[in-house]
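2 protein chains.
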Amino acid sequence: MASPLPVTERTRHRRLREQGSTDRQDLDDILRAGLICHLGVIVEGDPMVVPTVYGLDGDTVYLHGSVASRSLVAAPRTTVCVTVTHLDGLVLARSVFEHAVNYRSAMIYGVPRLVTDAAEKLAGLRALSEHLAPGQWDYARRPNKKELAKTTLLALSLAESSVKIRTGPPDDGDSPDAALPIWAGVLPLAASWQSPEPDPVLPAGIPLPPHIAALAHQRAGWPRLHPGQP
Amino acid sequence: MASPLPVTERTRHRRLREQGSTDRQDLDDILRAGLICHLGVIVEGDPMVVPTVYGLDGDTVYLHGSVASRSLVAAPRTTVCVTVTHLDGLVLARSVFEHAVNYRSAMIYGVPRLVTDAAEKLAGLRALSEHLAPGQWDYARRPNKKELAKTTLLALSLAESSVKIRTGPPDDGDSPDAALPIWAGVLPLAASWQSPEPDPVLPAGIPLPPHIAALAHQRAGWPRLHPGQP
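Read top to bottom, the protein sequences are chains A and B.
Heads up: the first sequence begins at 681 in my numbering, then just goes up one per residue.
Heads up: the second sequence begins at 681 in my numbering, then just goes up one per residue.
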């Protein structure tokens, strides 16, 4: 099932190689579990790191925003780096030096393509909407021409991607420090949806739609990748 | 109490101005509530966005890593952008176009300084350790000379920072769409610590230290900024 990710000069794992994954399934799992990414783009010579939502469709990640967005205007002219990170816990070791975090992250490099085709633009925005809140595209009012014209959509290929994962206990359990009377382990962190908060001006009698109720009852955010973990 | 943040060409809020804050207290709150940042740095001409932990000390954010880290080697030679983001929920509007996320984010621009002074290096690493897990610095084994030599510490001034915050219900409650029979509101997201998981090789009889127990019992991660929210 798992196909390897191609390795380039930018995505080759140089250090902590045990944390690098070249498994396409890991990449997909991390991207599917995420809600926001951090888009890195060079704007007027300086790096700019912008949190933004994203969507997925096959081998493409979609990013959107206002046509006036500086980061989105700059992006299709240059290589960007899109990073999605899940923080899974603090790794508390015997020594300060061996402290770490458990995490899963994906980095995607590439020059994004400005989507101008009307049908792809609608499909990309649908992918974005459905990634965040499955079911909303068929429930909410879809974008009209004026709104589409105000929106920039970028498509970025997953072709050049890099995955890093750290799981498990501290690394100093087999070192001389393991004899110290110091507690060591992991303090896991998890995200979960809370109760939906209706808009205060919502008219009476409009029920919470089933797809949002289902989302809210998921222990969502970022499920763990590895079986056997709680 | 709240002093304004200085505004530069890079930190001036251009769009969605209602989301921009120039309140220093907001910046401090966002940074204190965060566990990881995304460091954006230009490496061999391309942007690279790396998730990493950080520490705080007054007007300085500290970043650390291996001396071999490509991002940390590149950083002191060039402007970087450090972004800390808290995702607080999905904003489900009547129209797809008005969908949004509630979030708090801080962006810090600057050229980091490589910390070479031994005392500052130790103090910076302490700030980093205490930011993530208060109490660990006095509990765990501190870094020795060899470990310090393997660690790069960078200091970045908060002088050029930008804050954006979105809270509250969707923006289309006063638009014609508000008459549509579509549920609208917010699906909040929160992070919380889970039960500590002792290292499987931890010898019997080493208790969980009180400072970690206290951290685990906090509803931690990223507390909401605004009173009145759950």
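Cβ atoms here follow ideal geometry from the backbone N, Cα and C, with glycine treated the same way.
According to DSSP, what are the bridge partners of residue i?
i	result
Glu-840 (chain B)	B:Tyr-789
Ala-835 (chain B)	B:Tyr-742, B:Arg-793
Tyr-783 (chain A)	A:Leu-767, A:Arg-846
Ser-701 (chain A)	A:Val-843
His-718 (chain A)	A:Pro-731, A:Thr-763
Ser-751 (chain B)	DSSP, once it has assigned bridges, lists no residue as partnering Ser-751 (chain B).
Gly-865 (chain B)	A:Pro-878, B:Leu-772
Trp-817 (chain A)	Bridge partners of Trp-817 (chain A): none, in fact.
Leu-736 (chain B)	B:Val-741
Ala-871 (chain A)	B:Ala-871
Pro-684 (chain A)	A:Asp-703
Asp-851 (chain A)	Paired residue(s): none; Asp-851 (chain A) is not in a bridge.
Asp-726 (chain B)	B:Val-723
Among the residues of its own chain, which have a CB less than 7 Å from the CB of residue i, if the five just before and after it don't count?
i	result
Ser-837 (chain A)	Asp-739, Thr-740, Gly-790
Pro-876 (chain A)	Leu-888, Ile-892, Ala-896
Ala-858 (chain A)	Arg-774, Asp-852
Pro-731 (chain A)	Ile-716, His-718
Asp-765 (chain B)	Residue identity check: residue 765 (chain B) is Thr in the sequence provided, not Asp. Contacts found: Tyr-783, Ser-785.
Leu-828 (chain B)	Lys-801
His-779 (chain A)	Val-771, Leu-772, Ala-773
Does residue i get closer than 8 Å to chain A when you measure Cβ to Cβ?
i	result
Leu-752 (chain B)	no
Ser-785 (chain B)	yes
Ser-809 (chain B)	yes
Ser-841 (chain B)	no
Asp-851 (chain B)	no
Ala-870 (chain B)	yes
Glu-827 (chain B)	yes
Gln-816 (chain B)	yes
Asp-709 (chain B)	no
Gly-738 (chain B)	no
Val-729 (chain B)	yes
From the beta carbon of residue i, is the nearest beta carbon of chain B less than 8 Å away?
i	result
Gln-874 (chain A)	yes
His-779 (chain A)	yes
Tyr-819 (chain A)	yes
Asp-879 (chain A)	yes
Leu-905 (chain A)	Caution applies to Leu-905 (chain A), whose pLDDT of 38 falls short of 50 and renders its modelled position unreliable; the model cannot decide the point.
His-718 (chain A)	yes
Leu-857 (chain A)	Reading the sequence as shown, one finds Asp at residue 857 (chain A) and not Leu. Judged by the 8 Å Cβ criterion, Asp-857 (chain A) is in contact with chain B.
Ala-813 (chain A)	yes
Tyr-734 (chain A)	no
Ala-894 (chain A)	no
Ala-835 (chain A)	no
Ala-773 (chain A)	yes
Ala-799 (chain A)	no
Tyr-742 (chain A)	no
Ile-862 (chain A)	yes
Would residue i and residue j be called neighbours here (beta carbons separated by less than 8 Å)?
i	j	result
Asp-737 (chain B)	Ala-798 (chain B)	no
Ala-773 (chain B)	Ala-820 (chain A)	yes
Leu-860 (chain A)	Leu-834 (chain A)	no
Val-866 (chain B)	Val-747 (chain B)	no
Ala-755 (chain B)	Pro-727 (chain B)	no
Gly-720 (chain B)	Val-729 (chain A)	yes
Ser-809 (chain B)	Val-776 (chain A)	yes
Val-762 (chain B)	Leu-812 (chain B)	no
Thr-758 (chain A)	Ile-722 (chain A)	yes
Leu-767 (chain B)	Leu-715 (chain A)	yes
Leu-882 (chain A)	Trp-863 (chain B)	yes
Ile-886 (chain A)	Gln-699 (chain A)	no
Pro-823 (chain A)	Thr-831 (chain A)	yes
Thr-688 (chain B)	Glu-800 (chain B)	no
Pro-850 (chain A)	Asp-818 (chain B)	no
Excluding the 5 residues flanking residue i on each side, which residues of the same chain have their C-beta closer than 8 Å to its C-beta?
i	result
Gly-769 (chain B)	Val-781, Asn-782, Val-866, Leu-867, Pro-868, Leu-869
Pro-814 (chain A)	His-891, Leu-895
Check whether the Cβ of residue i lies closer than 8 Å to any Cβ atom in chain D.
i	result
Ile-722 (chain A)	Of the protein chains in this structure, namely A and B, none is chain D.
Please list, in chain order, all residues of the same chain as residue i whose beta carbon is under 6 Å from its beta carbon, the five residues on each side excluded.
i	result
Val-843 (chain A)	Ser-701, Asp-706, Leu-707, Ala-786
Arg-690 (chain B)	Tyr-789
Thr-796 (chain B)	none
Gln-816 (chain B)	Ser-809
Gly-735 (chain A)	Tyr-742, Ala-807, Leu-808, His-811
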